[in-house]
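Asks: As they're listed, the protein sequences go chains A and B. For the first sequence, numbering that gives the first Met the number 0 puts the final residue at 247, and the numbers step up evenly by one. For the second sequence, numbering that gives the first Met the number 0 puts the final residue at 371, and the numbers step up evenly by one. We treat Cβ as the ideally placed atom computed from N, Cα and C, and that holds for glycine. Since the model is a prediction, treat every value here as computed from it, not as a measurement.
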Amino acid sequence: MSAEKVISVKELTKRFGDFTAVDNITFDVKQGEIFGFLGANGAGKTTAMRMLCGLSFPTSGEASVAGFDLYKNADAIKRNIGYMSQKFSLYEDLTVRENIRFYGGIYGLTDREIKEKSDEMLTQLKLGEQVNSLVKSLPLGWRQKMSFSVAMLHSPKIVFLDEPTGGVDPITRREFWTLIYEAASRGTTVFVTTHYMDEAEYCDRVSIMVDGRVDALGSPTELKEQFSAKDMGGVFLQLARKATRSDG
Amino acid sequence: MRVLRILLEKEFRQIFRNPAILRLMFMMPTVQLIVMPLAADYEVKNVNICVVDYDRSVYARDLVTKITATDYFSLVDYGDSYPKALEYLEHDEADLVLQIPANFEKDLLREDKATLFMSLNAINGVKANLGGAYLRNIIGDFNNEIRQEWIQIPRFNPMPQIEINSTNWYNPLMNYRFFMVPGILVILVTMVGAFLSALNIVKEKEIGTIEQINVTPIRKHEFILGKLIPFWVLGLMILTIGLIISWIAYGIVPAGSLLTIYSFAGVYLLAVLGMGLLVSTFANTQQQAMLLSFFLMMIFILLGGLYTSIDSMPRWAQVFTWFNPVSYFIEVMRMVVLKGSTLYDIREHLGIVLLMGIVLNGFAVYNYRKRS
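#1: Quick one: what's got a C-beta closer than 7 Å to B:Asp106's C-beta in the same chain, skipping five residues either side?
#2: With H, G and I counted as helix, E and B as strand and the rest as coil, what does DSSP make of B:Tyr367?
#3: With a cut-off of 9 Å, does the C-beta of B:Asn366 fall near any C-beta of chain A?
#4: Drop a sphere of 10 angstroms on the beta-carbon of B:Phe194, count the other beta-carbons inside from all chains shown, and report buried for 16 or more, exposed for fewer.
#5: Considering only the beta carbon of each residue, do B:Phe230 and B:Leu272 sit closer than 9 Å?
#6: Should B:Lys369 and A:Gly81 be called a contact, given that it needs their Cβ atoms to be closer than 9 Å?
#7: Is it true that the CB of A:Val189 sits closer than 9 Å to the CB of A:Leu160?
#8: Compute the Euclidean distance between the alpha carbons of B:Val63 and B:Glu347, then round it to the nearest angstrom.
#9: Mind listing the chain B neighbours of A:Lys77? Cutoff is C-beta to C-beta under 7 Å, in chain order.
#10: The beta strand (DSSP E) spanning A:Thr188 covers which residue range?
#11: How long is the line joining the alpha carbons of B:Asn174 and B:Leu258, rounded to whole angstroms?
#12: Closer than 9 Å, CB to CB, is A:Ser136 near chain B or not?
#13: Does B:Leu7 come out as helix, strand or coil in the three-state DSSP assignment?
#14: Taking Cβ positions only, does B:Val2 come closer than 9 Å to chain A?
#15: Select from the segment 104 to 133 of chain A all residues with a C-beta closer than 8 Å to any C-beta belonging to chain D, and list them in chain order.
#16: Here's a check: name, in chain order, each residue in its chain whose Cβ is nearer than 7 Å to the Cβ of A:Ala182, leaving out the five neighbours to either side.
#17: Between B:Gln287 and chain A, is any beta-carbon pair separated by less than 9 Å?
#18: May I ask you to list the residues that DSSP assigns as paired with B:Ser118?
#19: Taking 9 Å as the cut-off, decide whether the C-beta atoms of B:Asp94 and B:Asn123 are in contact.
#20: Kindly list, in the order they appear in chain B, the residues whose Cβ is closer than 9 Å to that of A:Glu97.
#21: When the cut-off is 9 Å and only beta carbons count, does A:Asp92 lie next to chain B?
#22: What separation, rounded to the nearest whole angstrom, lies between the Cα atoms of B:Pro36 and B:Leu342?
#23: Quick check for students: name the residue ranges of the beta strand (DSSP E) that lie wholly in the segment 175 to 237 of chain A, counting only runs of 3 or more.
#24: So with Cβ pairs under 9 Å, would you call A:Ile6 a contact of chain B?
#25: Closer than 9 Å by beta-carbon distance: list the chain A residues that pair up with B:Gly207, in chain order.
#26: Of the residues that make up the segment 216 to 232 of chain B, which ones have a beta carbon closer than 7 Å to any beta carbon in chain A?
#27: With distance defined between alpha-carbon atoms, name the residue in B:Leu32, B:Ala84, B:Ala101, B:Phe72 nearest to B:Arg55.
#28: Can you find at least 3 beta carbon pairs, one from the segment 68 to 86 of chain A and one from the segment 193 to 204 of chain A, that sit closer than 8 Å?
#29: With a CB to CB cut of under 6 Å and the five nearest residues on each side skipped, what residues in its chain are close to A:Ile186?
#30: Are the C-beta atoms of A:Asp17 and some chain B residue less than 9 Å apart?
#31: Output the distance between the C-alpha atoms of A:Thr94 and A:Leu121, rounded to the nearest integer angstrom.
#32: Is the beta carbon of B:Leu129 sitting closer than 9 Å to the one on B:Met332?
#33: Rounded to the nearest angstrom, what separates A:Gly247 and A:Met48 at their Cα positions?
#34: Answer with yes or no whether the minimum CB distance from A:Leu139 to chain B is below 9 Å.
#35: Could you tell me which residues DSSP puts in a beta bridge with B:Val358?
#36: In three-state terms, what does DSSP make of B:Met0?
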C-alpha cells in the first residue's frame, strides 16, 4: 500500500458558541485505507466528517482532502469524494434508476457512463428487478447498500460513510462490508464511522474520539495491545467511560 | 446545462408523481374562482331594519313601504317604541333603527321640514355604513317625490336642479366579478409560487437530501434555477387554468393581450419565487416555512388592494404597498383584463416587479449556504 496521504488533518477545531464539538484533532489517512472513526454519541464524529466533506466550515486548524485545501478548494474536494450521511438521502419518491440518473448526472457523468455504472451497480447489488420500483418500497438493508453505491457512482478517491450500517440486520451488515472491501481493493479510501465493535476490527486503522478529541489512533491490533484489551469493545469502553460529555 | 436538465427532470418527476400537488393545482383555481366571487360580494343586502313610527301618518307609511320595497332591507319590526327597537339592535337582530318622530307629516306639510333619526349597529361596520347610505338615498328619493307632488308642474322650476348622468368606463355594468376575478387569479398564482417553492426546498432539508446535494460539486445557481423553473412553469399553468375558468364561468375575456398578461406574470413569478426561496433559506422545517409564508402572504394579500382600495388606505400603508408585489400584479391584471392596457402602459409596474425579483433572488442566493 502506498503511503500517499489522502486526508491530512492538523489541529482541526469546530466550535458552536461555547461548545467545542471538535477539539484540536490531528490525524492522517492513507490512500486505499479503511479508516474507522469511532466515538460515543456526541463525541463529534459527524461534525468532524462534515467539515472534511466541505459541509461545514472549521473554526480553526488545517486540513486537506484528496490533495486539496479545505478552505480554498472545497469544490475540487467535492468532485473527489463520496458521502453517505446518517440520514437516508436518496429520493424515496423516485425509482432506483431515476436516483442513479440524478446523482450521476449532477456529478457530471454522461448518459453512457451512467448506464455503464448503473448496470454494474445493479448486478453487484442484485437489484436488477427493482430498477423501476420506487426507493421507498425497498427494505432498509437494500436502501443502505444502494446509498453506498450511489455515493460511489462518480468513482471518488475517498468515500465518507456516517454510520452506514445503523439499524441494519447482521447479514446485510456483512454484505455491506463486502462492498466496502471491494471499494478499498480498487484503491478507494474509506472513511467510516460506526458503533459496532466487530466492524471496528475490519478497519485497517481506527481512531477513537472522546469529547471532541482523538484519544486513540492505530490499527486494531496496536490499540488492543496498548490498552491490554482482548477486543475493540474493551478498548472503546475504557476510553468512552472517561467521557464527561453527555449523550448528544 | 446538463446538470440543470438533470435537476429539472427530477423536480418535474417528483411534482407529477405527487397526486396532492396535482389535485391542488386544479382544485384551487376552480374553487377559489367559482366560490369566492359569488360569496365575497361588496354589495350589502338584507340589512335588518327596525322602524319606530311615532307618527303613524300617510307619509310615514309611504316611506316605510318605499324602504321595504327594495332588496336591501328586510323589516324586523314596525313598532312605536324606541327602547324596544334598541333591544333588537342589542341582540344583533337589527342593523339599523329608523325613528320617525311624532308630527313628522305635520312638520313636513307646515314647515316644509321634518327630521328623521337613524341608529346604526356599527359592530359590522361595512353593513352599518352601506345600510345607512342606502337608507339616506331612499329618503332622498322620497323627498324628491313629495317635492314634485307639491310643485305640480310649474312653468318655471323655481329650484334649479343639476342632474348627473354617469357612465362606467371599462366595466359598464359595474359588474363586481369583473373586478374581483382578476384579483383572485393573482392571489392564486402568488400562493402557488410562494408556498410550493418554499416548502419544496425545506422538505429537502428535512429529509436530508439537501446535504447529499451540497456535498456534490453542483453550483449554487444551478441548484436554485433547478428549483425555480419548475414552480415558474407551475405558476403559469395555474394562471392558464384560472383564465380558462374565468372565461367559462364569467365570460371574462381579457381586453388586453394575453402576451401582456403572461409577460408580466412571468416576471412577477420570479419575484414571488424569490420570496419563497428566501423563506426556505431561513426555515428549517416545513412548519416554519409554512407559518412564515403564511404571515407574509396575509400581509401582502390584505394590503394588496384586492378587498380594499389602496387609495383609501392611510399614507403609511400606501407606502408599504409600493413594496408589495401583489398590489402591482392586481393592478396590472385589472388594467389589462378590463381596460386592455398594453405592455407599454404597464412598463413601470413591470420594471419595479423585475427589480423586486432581482433583489429577492439575489438575497436568497446569497443566503443559501452549501456550507454552514
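Replies: Let me lay it out:
#1: Numbered from its first residue, the second sequence carries residue 106 of chain B at position 107. Within the same chain, B:Asp106 has close Cβ partners Lys112, Ala113.
#2: Taking the first residue of the second sequence as position 1, residue 367 of chain B is located at position 368. Three-state result, B:Tyr367: coil.
#3: Taking the second sequence and counting its residues from 1, one reaches residue 366 of chain B at position 367. By this cut-off, B:Asn366 is not an interface position.
#4: Locating residue 194 of chain B in the second sequence gives position 195, where the first residue counts as 1. Its Cβ being crowded by 16 or more others within 10 Å, B:Phe194 is buried.
#5: The count along the second sequence starts at 1 and reaches residue 230 of chain B at position 231. The count along the second sequence starts at 1 and reaches residue 272 of chain B at position 273. Against a cut-off of 9 Å, the Cβ pair of B:Leu272 and B:Phe230 comes out as a contact.
#6: For the purposes of this step, residue 369 of chain B is taken as residue 370 along the second sequence, with counting starting at 1. For the purposes of this step, residue 81 of chain A is taken as residue 82 along the first sequence, with counting starting at 1. Contact flag unset, no.
#7: For the purposes of this step, residue 160 of chain A is taken as residue 161 along the first sequence, with counting starting at 1. For the purposes of this step, residue 189 of chain A is taken as residue 190 along the first sequence, with counting starting at 1. Yes, the pair counts as a contact, with Cβ atoms nearer than the cut-off.
#8: Locating residue 63 of chain B in the second sequence gives position 64, where the first residue counts as 1. Locating residue 347 of chain B in the second sequence gives position 348, where the first residue counts as 1. Looking at the two C-alpha atoms, the distance is approximately 52 Å.
#9: Working through the first sequence from its first residue, we reach residue 77 of chain A at position 78. Going along chain B in sequence order, the residues near A:Lys77 (Cβ under 7 Å) are Val214, Thr215, Pro216.
#10: To locate residue 188 of chain A, count along the first sequence from 1; it is residue 189. Here the beta strand (DSSP E) through A:Thr188 covers 188 to 192.
#11: By 1-based counting over the second sequence, the position of residue 174 of chain B is 175. By 1-based counting over the second sequence, the position of residue 258 of chain B is 259. Using only the alpha carbons, I get a separation of about 25 Å.
#12: Sequence index remark: in the first sequence, residue 136 of chain A carries index 137 (1-based). No, no contact with chain B.
#13: Counting from 1 along the second sequence, the entry for residue 7 of chain B is found at position 8. B:Leu7 falls in the helix class under three-state DSSP.
#14: Taking the second sequence and counting its residues from 1, the one referred to as residue 2 of chain B is at position 3. Chain A, which has a Cβ nearer than 9 Å to the Cβ of B:Val2, makes this yes.
#15: In the displayed structure, chain D is absent; the protein chains listed are A and B.
#16: Locating residue 182 of chain A in the first sequence gives position 183, where the first residue counts as 1. Counting only Cβ-Cβ distances below 7 Å, and skipping sequence neighbours, we find Met151, Val158, Val189.
#17: Counting from 1 along the second sequence, the entry for residue 287 of chain B is found at position 288. With 9 Å as the cut-off, B:Gln287 does not count as an interface residue toward chain A.
#18: By one-based count along the second sequence, residue 118 of chain B stands at place 119. B:Ser118 pairs with B:Val96.
#19: What you label residue 94 of chain B is simply residue 95 of the second sequence in a count that begins at 1. What you label residue 123 of chain B is simply residue 124 of the second sequence in a count that begins at 1. Contact: yes.
#20: Position 98 of the first sequence, counted from the first residue, corresponds to residue 97 of chain A. Here the neighbours are Glu8, Lys9, Arg12.
#21: For the purposes of this step, residue 92 of chain A is taken as the residue at position 93 of the first sequence. Interface residue, yes.
#22: Counting from one through the second sequence, the residue named residue 36 of chain B turns up at place 37. Counting from one through the second sequence, the residue named residue 342 of chain B turns up at place 343. The straight-line gap from Cα to Cα measures roughly 27 Å.
#23: 188 to 192, 204 to 209, 212 to 217
#24: For this step, residue 6 of chain A is matched to residue 7 along the first sequence. A:Ile6 does not count as touching chain B.
#25: For the purposes of this step, residue 207 of chain B is taken as residue 208 along the second sequence, with counting starting at 1. Result: Ser84, Gln85, Lys86, Phe87, Ser88.
#26: Pro216, Ile217
#27: As a position in the second sequence, residue 55 of chain B is number 56, starting the count at 1. Here the closest residue by C-alpha is B:Ala101.
#28: no
#29: Counting from one through the first sequence, the residue named residue 186 of chain A turns up at place 187. The sequence given here places Gly at residue 186 of chain A; Ile does not occur at that position. Hits under 6 Å: Gly31.
#30: Your numbering for residue 17 of chain A matches position 18 in the first sequence. For A:Asp17, the answer is no, since every Cβ of chain B falls outside 9 Å of its Cβ.
#31: The sequence position of residue 94 of chain A within the first sequence is 95, counting from 1. The sequence position of residue 121 of chain A within the first sequence is 122, counting from 1. Distance between the alpha carbons of A:Thr94 and A:Leu121: 13 Å.
#32: As a position in the second sequence, residue 129 of chain B is number 130, starting the count at 1. As a position in the second sequence, residue 332 of chain B is number 333, starting the count at 1. Taking 9 Å as the Cβ cut-off, B:Leu129 and B:Met332 do not qualify as a contacting pair.
#33: Reading the first sequence from its first residue, position 248 is the one you call residue 247 of chain A. Reading the first sequence from its first residue, position 49 is the one you call residue 48 of chain A. Residue confidence for A:Gly247 is low, a pLDDT of 45 falling below 50, so the modelled location carries little weight; the figure read from the coordinates is stated next. Cα to Cα, A:Gly247 sits roughly 16 Å from A:Met48.
#34: On the first sequence, position 140 is the one that residue 139 of chain A refers to. By this cut-off, A:Leu139 is not an interface position.
#35: The residue you call residue 358 of chain B lines up with position 359 of the second sequence. Partner(s): none; B:Val358 has no beta bridge.
#36: Here residue 0 of chain B is taken as the residue at index 1 of the second sequence, counted from 1. Three-state DSSP puts B:Met0 in coil, outside helix and strand.
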